[in-house]
Amino acid sequence: MNRSVLWVIGGAVAGFIATVTYWVIALAVAETHKADMVAPERVTGFIHAIIEANRANYTQNVVEKLHNLGVVEAVEHWKEEKGLPLPAQFLLESGRLVAQKDLKFSFRLASLTPIYVWNGPNSEFERRGLDAVTKDPDKPFTGYFQQGGVRFFQGIYADRAVAESCVSCHNAHANSPRRDYKLNDVMGGIIITIPISETGS
Ligand code: HEC
Numbered sequence: 526m527n528r529s530v531l532w533v534i535g536g537a538v539a540g541f542i543a544t545v546t547y548w549v550i551a552l553a554v555a556e557t558h559k560a561d562m563v564a565p566e567r568v569t570g571f572i573h574a575i576i577e578a579n580r581a582n583y584t585q586n587v588v589e590k591l592h593n594l595g596v597v598e599a600v601e602h603w604k605e606e607k608g609l610p611l612p613a614q615f616l617l618e619s620g621r622l623v624a625q626k627d628l629k630f631s632f633r634l635a636s637l638t639p640i641y642v643w644n645g646p647n648s649e650f651e652r653r654g655l656d657a658v659t660k661d662p663d664k665p666f667t668g669y670f671q672q673g674g675v676r677f678f679q680g681i682y683a684d685r686a687v688a689e690s691c692v693s694c695h696n697a698h699a700n701s702p703r704r705d706y707k708l709n710d711v712m713g714g715i716i717i718t719i720p721i722s723e724t725g726s
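Here you go:
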């Protein structure tokens, strides 16, 4: 065999090895990136944890503290009166501020038997979700929907009557359509909506 044939075979073998090596590395990198992506149900789970923590933190360290010190109370008409927002309103107000950011990301507190109709379900999916978390509060209700050329993921988390005050205030509220809440009942849900992708349609 002459030298030039050996060179050609050598070159082909080297080229083959280089190509295979390249693909092995490229696939490994792609796998790593895939593993780096966070599933949407985990994302809404994280957001839910923050919303819940902020509401509990606000209730215990601001509302209850200022009440115990006799400084100021949380009242429904906090904008007109000299009061603090109720914890539910604190959550809803944060949701309104986030909605102004044009992130296509939103969250709110809702119920099938809301004090105010605008806190009711906005879609059949939300109605089904609030119903599902009422029956099975430990499991969030999740799924996808499409709106205005954007694919969204929604997570709905049960909101329970964790304190006697939840029950007594809602049962006594002039506007409440339901008056038989008991401690630990599911009173509604936290609905978290995140955009997944633009579909361009
Ligand atoms: C002092 C009265 C009061 C207390 C205590 C209270 N809420 Fe509410 N809650 C309200 C009012 C008023 C709204 C409506 C707020 C709005 O839309 O501005 C509301 C809204 C809600 C909503 C949204 C649906 C609806 O009814 O409009 C849920 C769910 C809810 N509260 C659950 C709870 C839970 C759970 C607790 C206890 C951890 C609680 N609430 C404590 C007065 C109260």
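Under my numbering, the sequence shown has 672 at position 147, and the numbering climbs by one with no breaks.
The beta carbon of each residue, even a glycine, is placed where N, CA and C say it ideally should be.
In this text the structure is predicted, and so the values were computed from the model without any measurement.
Under the DSSP assignment, G680 falls in the beta strand (DSSP E) whose first and last residues are V675 to R685. Residue range P565 to Y583 is occupied by the alpha helix (DSSP H) that includes Y583, with no beta strand (DSSP E) assigned at that position. In this structure, I717 lies near T569, with their beta-carbon atoms less than 8 angstroms apart. In the three-state reduction of the DSSP assignment, I542 falls in the helix class, which pools H, G and I. In the DSSP assignment, V642 forms no beta bridge with any residue. Collapsing the DSSP output to three states places L616 in a helix. Taking 8 angstroms as the upper bound for CB-CB distance, W603 and L594 are not in contact here, some 18 angstroms apart. In chain order, R580 and L634 place their CB closer than 6 angstroms to the CB of L616, counting only its own chain and leaving out the 5 sequence neighbours on each side. Between Y682 and V658, the beta carbon gap of about 7 angstroms places them in contact (Cβ cut-off 8 angstroms).
Judged by pairs of C-beta atoms under 8 angstroms, the stretch 692-705 touches the stretch 638-654, as three or more such pairs exist. DSSP, reduced to helix, strand and coil, places Y706 outside both helices and strands of the structure shown, so it counts as coil. With a 10 Å radius around the Cβ and a threshold of 16 neighbouring Cβ atoms, A560 comes out exposed. Counting along the chain, no beta strand (DSSP E) covers A599, and no H or E run does either.
The C-beta distance from V675 to E723 rounds to 6 angstroms, short enough to fall under 8 angstroms. Shortest Cα-Cα distance from P665 to any of D656, I721, S690 and Q671 involves D656. Here DSSP, grouped into helix, strand and coil, assigns A635 to strand. When DSSP states are grouped into helix, strand and coil, S701 belongs to the coil group. Per DSSP, V554 has no beta bridge partner at all. In chain order, T638 place their CB closer than 7 angstroms to the CB of R703, counting only its own chain and leaving out the 5 sequence neighbours on each side. Inter-residue distance for A624 and S631 is about 6 angstroms (C-alpha atoms, whole angstroms).
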